[in-house]
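Scroll down for the structure; my scribbles are underneath it.
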Amino acid sequence: MLHQGVFSIYKPVGMTSHDMVNCVRRATKVKRVGHGGTLDPLAEGVLVIAVGRENTKKLDIYVKGDKEYIATLMLGYISETDDKEGPIHEYKQSIDTGDKLNTKTTPTTKEVTECIKKFIGDILQTPSQYSAIKVNGKEAYKRIRKGEDFKMEKRLVVIKNIEIVSYSYPKLELKVECGTGVYIRSLARDIGESLHTGAYITRLVRTRVAEFNLDQTVKLEELKSKI
1173 MLHQGVFSIY KPVGMTSHDM VNCVRRATKV KRVGHGGTLD PLAEGVLVIA VGRENTKKLD
1233 IYVKGDKEYI ATLMLGYISE TDDKEGPIHE YKQSIDTGDK LNTKTTPTTK EVTECIKKFI
1293 GDILQTPSQY SAIKVNGKEA YKRIRKGEDF KMEKRLVVIK NIEIVSYSYP KLELKVECGT
1353 GVYIRSLARD IGESLHTGAY ITRLVRTRVA EFNLDQTVKL EELKSKI
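Residues 1173 to 1399, numbered by this note's numbering, are exactly what the sequence shown covers, in order.
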């Protein structure tokens, strides 16, 4: 879809979605460039780009649809940011039995399978405080980094499906199909809580946005040759 001015680019780890837009502006020499759905700097994969005024106006139409992710979770630990940016702490969930504290055993594949079923459908999700969601007009991550005390409100989101790609404790890899507004970091955190192990994201790849798939993406270094 590159010739139509709407295409998917592969966002690498370490760059922001805005960085990618700036790179496309320089490559195309077009000022009006937009993207359809922010990816965190630590996430990678499909980022839909629109070039030109008419295409950016219709961007919401192009990206309307489900998204798919491959998420790698580390069990046994929690992260204050719900990803590897940390700080990271060992999970200390225990069952109080009087004089003794018994920690939860390593979950089996069957237990993980049963756990993730609970997160399929319409669920209430609390986004991370280290997110770009605005709280009273200001991004949450800016507030938390300034030490402000505030609460994130729960949001109703839709998870279409979750599948186990691979599992060997403490590493769990999941394929997630979801609607808009889902925070995969928050999903990982909640799955970890449900398993009584804790969990955070070590890698997140967005593999699809609506009809834009991973195998259709253009790499930054390929962009100029395809214009």
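Virtual Cβ for every residue (Gly too), placed ideally from N, Cα, C.
By the three-class DSSP mapping on this structure, what secondary structure does residue i have?
| i | result |
| --- | --- |
| residue 1294 | strand |
| residue 1221 | strand |
| residue 1272 | Model confidence at residue 1272 stands at a pLDDT of 43, short of 50, so the residue's coordinates are unreliable and nothing is read from them. |
| residue 1387 | helix |
| residue 1266 | With a pLDDT of 47 at residue 1266, under the threshold of 50, the modelled position of this residue cannot be trusted, and the question is left open. |
| residue 1194 | helix |
| residue 1284 | helix |
| residue 1289 | helix |
| residue 1213 | coil |
| residue 1173 | Residue placement at residue 1173 is poorly supported in this model, since its pLDDT is 48, which falls under 50; the coordinates are not used for a value here. |
| residue 1186 | coil |
Compare the Cα-Cα distances from residue i to each of the options and report the closest residue.
| i | options | result |
| --- | --- | --- |
| residue 1378 | 1247, 1208, 1176 and 1191 | 1208 |
| residue 1349 | 1296, 1369, 1292 and 1297 | 1292 |
| residue 1201 | 1224, 1294 and 1257 | 1224 |
| residue 1339 | 1183, 1262 and 1278 | 1278 |
| residue 1244 | 1334, 1351 and 1383 | 1334 |
| residue 1212 | 1387, 1196 and 1313 | 1313 |
| residue 1367 | 1221, 1219, 1280 and 1199 | 1280 |
| residue 1411 | 1387, 1191 and 1210 | Look at the range of the chain in this structure, 1173 to 1399, and you will see that residue 1411 is not part of it. |
| residue 1189 | 1206, 1228, 1373 and 1234 | 1206 |
Ends of the alpha helix (DSSP H) at residue i?
| i | result |
| --- | --- |
| residue 1364 | 1356-1367 |
Assuming residue i and residue j form a contact by the criterion Cβ under 8 Å, report the distance between their Cβ atoms to the nearest whole angstrom.
| i | j | result |
| --- | --- | --- |
| residue 1363 | residue 1376 | With a Cβ gap of about 14 Å, residue 1363 and residue 1376 do not count as contacting. |
| residue 1262 | residue 1249 | 6 Å |
| residue 1231 | residue 1288 | The Cβ separation is near 32 Å, so there is no contact. |
| residue 1336 | residue 1390 | So it is not a contact: roughly 31 Å between Cβ atoms. |
| residue 1351 | residue 1238 | 6 Å |
| residue 1219 | residue 1181 | 5 Å |
From which residue to which residue does the beta strand (DSSP E) around residue i run?
| i | result |
| --- | --- |
| residue 1378 | 1371-1381 |
| residue 1202 | Where residue 1202 is concerned, there is no enclosing beta strand (DSSP E), given that its DSSP letter is neither H nor E. |
| residue 1178 | 1178-1183 |
In chain order, each beta strand (DSSP E) run of at least 3 residues that lies wholly inside the segment 1224-1262: Counting whole runs of 3 or more residues, the segment 1224-1262 contains the beta strand (DSSP E) stretches 1239-1247, 1249-1251 and 1260-1262.
Can you give, in chain order, each stretch of the alpha helix (DSSP H) that sits fully within the segment 1298-1345 and has at least 4 residues? Taken in chain order, the complete alpha helix (DSSP H) segments of 4 or more residues contained in the segment 1298-1345 are 1312-1317.
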